[in-house]
Each structure stands twice: as C-alpha cells, then as structure tokens.
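Student: Position 38 of the sequence shown, counting from 1, maps to 998 under our numbering, and the rest follow consecutively.
I have a structure I would like to understand better, so I am pasting it below and will then ask my questions one at a time.
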Amino acid sequence: MVRKVLVTLSGTHGTGKSTNAGQCYYLLNRKGLRFSYLVHQDILDPFGFIVRRAARVLGLSENELQKRRPVRVLWSLYLLLVYLPILGGGIFLRRLLGNSTVCDRYIYDTMVGFRDYGVNIPVEGLLLRLVPRPDISFVLEAPEERILSNRPEHSAEFIRNEKRLYALVAEHFHLYRVSTAGSRASVWWTIVGKVESVMGGKPQASQTMMAEAVVR
C-alpha cells in the first residue's frame, strides 16, 4: 500500500511556488500516485484582506497595524478557530479519501510573512504543534535578479531580507532547498524524485514524461 504524504512548497516572492507546485502535482498524478492540491494562502486571505482594508481605512501602514495588540488577538482567534480546522480537516479528509496532498505554501511562508512585519505569528508555538506535520517540505530559491524581474513591486532590500528569513526557517525546520536557477524540468523532477523516495517508491522520471512536462 502506497503511503499517503503531505508535501509542501515554500519560497520567496517570485520563485514560482504556485507554478512549480501545480506542475509537480500534475506529474505525480501522471505517475499513478493519487495527489490532491491545496492552496494554503486561500485559508489566510479572508482575514488578511480585512487587515489590509482596515489599515487603509485607518490611515495606518499594514506593518504598524499588524503589531497592534487587538489585531494580534483577532489573528489568534482566526488562526485557531478558522485556519487550523480548515487546514487540518482538509488534509485529513484528503487522506481519508486515499489522496496525498501537495500544498502550495505552508505555515513556513506565514512565519516569514509575519517576520517581514517585525513580529512572530500570534500563538506561533501552539500552531506549530497543531498543524499537520509535512512528510517533506521544499524551499524554492532563485537568484535575486530574477526575483526582482518577476516581482518589480518589491525592493532589493525586501527580497534580500526575505531570502535571509527563508534560509533561517529552512535551517531550523530542516526543509529541502531547491534552486530554480536551472531548467524547469530539473526542478520538477528533483521534487518528484524526493517525494517518491519518501513514499517508498523508486523515482522513474522517464525521458518521455520529462519532455511532455517541459512542453506543457
């Protein structure tokens, strides 16, 4: 029986997290492995939108508002009562239906996002104990120049700081770092091969499937 696993992809802005997560999900299913797809950010966006909107209405920077105690209390309630049940329940239900999960972003990205504001996630220690533990997690990395080209709205200083934060998170949680500086296919098959090894299978990245993946 094939083991059901949770795979997560994280990384700085502009590294192609969603594109690579989607392609790996496609390739893993092409290889006969049953995978479901989960967008982690979709669970956080509703409350994040409210905070951003409130910052504009109040004439405050989002950075300043995120540090306010009432906002952090509301974040704590949202994370524990909405985010955690949806995330944990969604992954559990997928596993119950016989599917593994590829997760586009995970709590590691949320940690970096809050640290960009100079704070930790509210109830971070508790969340880290309660969220489903990934079987393997990847951090995508890219040259600074390419990130700035893909995401011109961010400054070089912002990207450097974000890369530093992701490096610290990757080291602390032993995440597998994948460079996206090479070909797209090499990135996909590196991830797929690692996932297969965790599931107990032998990587079989055929040349035909690789060629099809590049074209797709």
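We put the CB at the ideal spot given by N, CA and C, even for glycine.
In this structure, does DSSP put I1081 in helix, strand or coil?
Tutor: Walking along the sequence shown from the start, residue 1081 turns up at place 121. Three-state DSSP puts I1081 in coil, outside helix and strand.
Student: Please state whether the Cβ-Cβ distance between L1135 and V1099 is less than 8 Å.
Tutor: The sequence position of residue 1135 within the sequence shown is 175, counting from 1. The sequence position of residue 1099 within the sequence shown is 139, counting from 1. Taking 8 Å as the Cβ cut-off, L1135 and V1099 qualify as a contacting pair.
Student: Just grab the DSSP bridge partners of R1137 for me.
Tutor: Taking the first residue of the sequence shown as 1, we reach residue 1137 at position 177. Paired residue(s): V1099.
Student: Which residue marks the beginning of the beta strand (DSSP E) containing S1157, and which one marks its end?
Tutor: Position 197 of the sequence shown holds residue 1157. Taken as a continuous stretch (DSSP letters only), S1157 belongs to no beta strand (DSSP E), being part of the alpha helix (DSSP H) at 1144-1159.
Student: Would you call the CB atoms of T1123 and S1060 closer than 8 Å?
Tutor: The count along the sequence shown starts at 1 and reaches residue 1123 at position 163. The count along the sequence shown starts at 1 and reaches residue 1060 at position 100. Residue identity check: residue 1123 is Lys in the sequence provided, not Thr. No, Cβ-Cβ distance for K1123 and S1060 is not below 8 Å.
Student: With DSSP run on the structure shown, which of helix, strand or coil describes V1091?
Tutor: Against the sequence shown, residue 1091 aligns to sequence position 131. V1091: coil per DSSP, three-state reduction.
Student: Using the Cβ count rule (16 or more neighbours within 10 Å means buried), how would you classify V1152?
Tutor: For the purposes of this step, residue 1152 is taken as the residue at position 192 of the sequence shown. Burial call: buried.
Student: According to the neighbour-count rule (16 or more other Cβ atoms, all chains shown, within 10 Å of its Cβ), is V1175 buried or exposed?
Tutor: The sequence position of residue 1175 within the sequence shown is 215, counting from 1. For V1175, the predicted structure reports a pLDDT of 33, less than 50, and the residue's modelled location is therefore unreliable. The matter cannot be settled from this model.
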